[in-house]
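S.K.: Going down the list, the sequences are from chains A and L. The numbering of the first sequence is the UniProt record's numbering, which starts it at 1 and goes up by one. The numbering of the second sequence is the UniProt record's numbering, which starts it at 1 and goes up by one. In this text, a Cβ means the ideal position worked out from N, Cα and C, and glycines have one as well. Note that this is a predicted model, so its numbers are computed, not measured. Below you'll find the structure I mean.
Number of protein chains: 2
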Amino acid sequence: MNTASFASKPDDRLPRYQQLRDDLVSRIAAGEWAPEKAIATEAELGQFYNVSTGTVRKAIDLLVSDGVLTRTQGKGTFVRRPRFDSSLFRFFRFVSRDGQPVRPTARVLKREVVKPSEEIRIALQMKASEKAIHLSRVRLIEGRTVLSEEIWLPRARFDVLATLPLDQFEDLLYPLYERLCKQVVASATEILRVEQATAETASLLGIKTGSPVIVVHRVASDFAGAPFEWRSTRGAADTFQYQVEIR
Amino acid sequence: MNTASFASKPDDRLPRYQQLRDDLVSRIAAGEWAPEKAIATEAELGQFYNVSTGTVRKAIDLLVSDGVLTRTQGKGTFVRRPRFDSSLFRFFRFVSRDGQPVRPTARVLKREVVKPSEEIRIALQMKASEKAIHLSRVRLIEGRTVLSEEIWLPRARFDVLATLPLDQFEDLLYPLYERLCKQVVASATEILRVEQATAETASLLGIKTGSPVIVVHRVASDFAGAPFEWRSTRGAADTFQYQVEIR
DNA sequence: CAGTGGTCTAGACCACCTG
DNA sequence: AGGTGGTCTAGACCACTGG
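Here it is as structure tokens:
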């Protein structure tokens, strides 16, 4: 394989399809192919890297199973944009009065630019001096608050959001991040825990103090694996359900 | 591909590697290769089914990613036995007084042979007349009850357990199922919810009535996908944590 | 050493999509 | 019709395991 084709020198001890996979990831992270755009065809990649199409397919297979790419027969191979809209439905089941699933609307209650706690600073790999944007918002269904969210963003990447009028924040933040700040969420890690509602959370969510609350901590990262959003979401435990398959 | 090689007639509209995959699953389900025993080599399978080794590899790839098989270079391809021992650690973090992770011991409190509820009967695909074995047991760490479990088994498959002395039940039931009843767990589905402790659960777990409790409902199935164990596990929510990666 | 799975090639033909 | 990914072949050689 022609080493000169690679963005950075690959580790020759790895199989070619792994080296190829890594190079494709770095090209995607560099923005060479935008989300939902087709990447080079398998034949082109095989020629470019001087490997057979079978090897190209194996590299792409890995990225498809990682959720980075999707293939469509006859059309091409595409950079996948994760569908985080529905990510809450992974944990919470929200239905309107008539039983239809609904996506909650959002309202930002507070925004401040402050030094983050040490926990959040480390999770976001921020320098000690760097400030963060802190958003507090609620999510509502038919006027009723169902979720309470705390969001932390490194100021350096999200400067625009430090001054954006609060009423211009949308229900979904990730499209906003992409449009205004050129930040695309590629993956996330979530941790679930159960708490008993504090007086403050209870009054926000309209539940009794001490009743169970699900807390989802999420760290979202870009295609290069660098974390850039820290978020905690709290909701009443009775709207919660999660399903896992084990093998 | 030689159709006569197949246990049941495969669907010719499917790719060969899919047909092959399905036939391997049915041979595993039929017990042709025991758990932790090597299956036929790739070359043998290619000859037997009259396909190339690349196609055999693709079929095996699918089963490996399904968790049914594992491959070891130089040794062979093996039927995988899921490690359910640690399945509780997926949700609950148990540590002993000195901070080491521990596996709780178990004690069966009650056993009865009764007609199951409609919910459980349907989940286990049992006939209306069939009876079930119901076990109530607790799991303990250093003498303290940390989990409370209700287990339902179809009597037909688990007759031996209807009369086994209660003190001969072991901490882990799945090895017992396999040894005494020839039932091997191949996969399971688990659903998590949060409840507030009833007085009974609270006294079992040594927590306050109304404090949050995690409930894990599990349906375990054999290699053929037939469910044969229904189980619910309750534990205090403060021992709970779960982590997910999203892409 | 022989036997296993792991990597890789250089094609072929098929199924699907778009213009 | 031309281009894409999907399936499949019939090998080759390598890396690892065990006797």
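#1: Report yes if the CB atom of L/V95 is closer than 8 Å to the CB atom of L/R80, and no otherwise.
#2: Do the segment 198-208 of chain A and the segment 52-63 of chain A meet, that is, are 3 or more Cβ pairs less than 8 Å apart?
#3: Under 8 Å by Cβ, that's how I've got L/I207 and L/A236 pegged, so tell me the actual separation to the nearest angstrom.
#4: Should A/V146 be labelled buried (16 or more other beta-carbon atoms within 10 Å of its own) or exposed?
#5: Applying a beta-carbon distance threshold of less than 8 Å, which residues of chain L neighbour A/Q243?
#6: Using the C-alpha atoms, what's the distance from A/T41 back to A/G76?
#7: Assign L/S26 to one of three DSSP states: helix, strand, or coil.
#8: Under the DSSP definition of a beta bridge, which residues are partnered with A/P154?
#9: Cα-Cα, which of A/G210, A/V114, A/G31 and A/Y174 is closest to A/L154?
#10: What does DSSP give as the partner residues of A/L69 in its beta bridges?
#11: Give the C-beta separation of L/R179 and A/F240 to the nearest angstrom, bearing in mind that I take them to be a contact with Cβ-Cβ under 8 Å.
#12: Quick check on this structure: which residue in L/S187, L/T72 and L/R137 has the alpha carbon closest to the alpha carbon of L/F169?
#13: Within 8 Å (strictly less), CB to CB, does A/A29 reach chain L?
#14: Taking the beta strand (DSSP E) that L/G235 falls in, what are its first and last residues?
#15: How would you list, in chain order, the residues of chain L whose beta-carbon sits under 8 Å from the beta-carbon of A/I214?
#16: Alpha carbon to alpha carbon, how far is L/F89 from A/R93? Give it in angstroms, no decimals.
#17: Going by DSSP, which residues form a beta bridge with residue 248 of chain A?
#18: Return the first residue and the last residue of the beta strand (DSSP E) that L/R193 is part of.
#19: Opposite A/P101 in the DSSP bridges: which residues?
#20: Are at least three pairs of beta-carbons, each pair with one atom in the segment 156-168 of chain L and one in the segment 209-223 of chain A, less than 8 Å apart?
#21: Measuring alpha carbon to alpha carbon, tell me which residue in A/F48, A/L176, A/R247 and A/R157 is nearest A/L20.
#22: Is the CB of A/F240 under 8 Å away from at least one CB in chain L?
#23: Figure out for me which residue from L/P227, L/T233, L/A186 and L/R247 has the closest Cα to the Cα of L/I122.
#24: On the criterion of 16 or more Cβ atoms from any shown chain inside 10 Å, does A/Q125 qualify as buried, or is it exposed?
#25: At the 8 Å Cβ level, is A/I39 part of the contact set with chain L, yes or no?
#26: 8 Å is my cut-off, CB to CB: does L/G67 come that close to chain A?
#27: Quick one: grab the DSSP three-state call for L/A43.
#28: Which chain L residues sit within Cβ distance under 8 Å of A/P82?
#29: So, L/E245 versus A/S187, is the Cβ gap smaller than 8 Å?
#30: Helix, strand or coil, according to DSSP, for A/V51 in the structure here?
#31: With distances taken from CA atoms, which of L/E142, L/G143, L/E150 and L/A29 is nearest L/A132?
#32: Does the Cβ-Cβ distance between A/V185 and A/P104 come in under 8 Å?
#33: Just curious, the alpha helix (DSSP H) that A/R13 is in, first and last residue?
#34: So is A/T72 buried or exposed if we call it buried at 16+ other beta carbons inside 10 Å?
#35: Identify each residue in the segment 122-134 of chain A for which the Cβ-Cβ distance to at least one residue of chain L is less than 9 Å, and report them in chain order.
M.R.: Quick look at the numbers:
#1: Mapped onto the second sequence, residue 95 of chain L falls at position 95. Mapped onto the second sequence, residue 80 of chain L falls at position 80. Result no, Cβ atoms of L/V95 and L/R80 do not sit closer than 8 Å.
#2: Two segments are said to touch when three or more pairs of C-beta atoms, one from each, lie closer than 8 Å; by this definition the segment 198-208 of chain A does not touch the segment 52-63 of chain A.
#3: Taking the second sequence and counting its residues from 1, one reaches residue 207 of chain L at position 207. Taking the second sequence and counting its residues from 1, one reaches residue 236 of chain L at position 236. Sure, about 5 Å apart at Cβ, within 8 Å.
#4: Here the question's residue 146 of chain A lines up with position 146 in the first sequence. It is buried - the Cβ of A/V146 has at least 16 other Cβ atoms within 10 Å.
#5: By one-based count along the first sequence, residue 243 of chain A stands at place 243. Near A/Q243 (Cβ distances below 8 Å), the residues of chain L are T189, E190, I191 and L192.
#6: Position 76 of the first sequence holds residue 76 of chain A. Position 41 of the first sequence holds residue 41 of chain A. C-alpha separation (whole angstroms): 7 Å.
#7: Here the question's residue 26 of chain L lines up with position 26 in the second sequence. It is helical.
#8: Stepping through the first sequence from its first residue, residue 154 of chain A is reached at position 154. According to DSSP, which records beta bridges pairwise, A/P154 is partnered with A/A132.
#9: Start at 1 with the first residue of the first sequence, and residue 154 of chain A comes out as number 154. The residue you asked about is not Leu; residue 154 of chain A is Pro in the sequence shown. If we check each option's Cα against that of A/P154, A/V114 comes out closest.
#10: Taking the first residue of the first sequence as 1, we reach residue 69 of chain A at position 69. In the DSSP output, where bridge partners are listed per residue, A/L69 has A/V79.
#11: Walking along the second sequence from the start, residue 179 of chain L turns up at place 179. Walking along the first sequence from the start, residue 240 of chain A turns up at place 240. In fact, because the Cβ distance is near 37 Å, the residues do not count as touching under 8 Å.
#12: Taking the second sequence and counting its residues from 1, the one referred to as residue 169 of chain L is at position 169. The shortest Cα separation from L/F169 among L/S187, L/T72 and L/R137 belongs to L/R137.
#13: Indexing the first sequence from 1 puts residue 29 of chain A at position 29. Output row for A/A29: interface = no.
#14: Here residue 235 of chain L refers to the residue found at position 235 when the second sequence is read from its first residue. Here the beta strand (DSSP E) through L/G235 covers P227 to A236.
#15: Locating residue 214 of chain A in the first sequence gives position 214, counting from the first residue. Neighbours of A/I214 on chain L, chain order: V194.
#16: Here the question's residue 93 of chain A lines up with position 93 in the first sequence. Here the question's residue 89 of chain L lines up with position 89 in the second sequence. Looking at the two C-alpha atoms, the distance is approximately 25 Å.
#17: Missing from the structure shown is residue 248 of chain A; chain A here goes from 1 to 247 and no further.
#18: The sequence position of residue 193 of chain L within the second sequence is 193, counting from 1. S187 to Q196 is the span of the beta strand (DSSP E), which, as asked, contains L/R193.
#19: Residue 101 of chain A sits at position 101 when you count from the first residue of the first sequence. A/P101 is bridged to A/V95.
#20: no
#21: Locating residue 20 of chain A in the first sequence gives position 20, where the first residue counts as 1. Nearest C-alpha to A/L20: A/F48.
#22: The count along the first sequence starts at 1 and reaches residue 240 of chain A at position 240. Interface residue (Cβ-Cβ distance to chain L less than 8 Å): A/F240 is classified as such.
#23: Mapped onto the second sequence, residue 122 of chain L falls at position 122. Checked all of L/P227, L/T233, L/A186 and L/R247; the closest Cα to L/I122 is L/P227.
#24: Taking the first residue of the first sequence as position 1, residue 125 of chain A is located at position 125. Answer is exposed; the Cβ neighbour count stays below 16.
#25: The count along the first sequence starts at 1 and reaches residue 39 of chain A at position 39. Not closer than 8 Å to any Cβ of chain L, the Cβ of A/I39 fails to qualify, so no.
#26: As a first step, residue 67 of chain L is located in the second sequence; it is residue number 67 there, counting from the start. By this cut-off, L/G67 is an interface position.
#27: Sequence index remark: in the second sequence, residue 43 of chain L carries index 43 (1-based). Of the three classes helix, strand and coil, the one that applies to L/A43 here is helix, per DSSP.
#28: On the first sequence, position 82 is the one that residue 82 of chain A refers to. By Cβ distance, chain L contributes I246 and R247.
#29: As a first step, residue 245 of chain L must be located in the second sequence, where it is residue number 245. As a first step, residue 187 of chain A must be located in the first sequence, where it is residue number 187. Yes.
#30: Position 51 of the first sequence, counting from 1, holds the residue named residue 51 of chain A. Coil.
#31: Reading the second sequence from its first residue, position 132 is the one you call residue 132 of chain L. Among L/E142, L/G143, L/E150 and L/A29, the Cα nearest to that of L/A132 belongs to L/E150.
#32: Locating residue 185 of chain A in the first sequence gives position 185, where the first residue counts as 1. Locating residue 104 of chain A in the first sequence gives position 104, where the first residue counts as 1. Not a contact, by the Cβ cut-off of 8 Å.
#33: Position 13 of the first sequence, counted from the start, is the residue given in the question as residue 13 of chain A. Looking at the DSSP string, A/R13 is not in any alpha helix (DSSP H), and its letter there is neither H nor E.
#34: As a first step, residue 72 of chain A must be located in the first sequence, where it is residue number 72. Exposed, because fewer than 16 other Cβ atoms sit within 10 Å of the Cβ of A/T72.
#35: none
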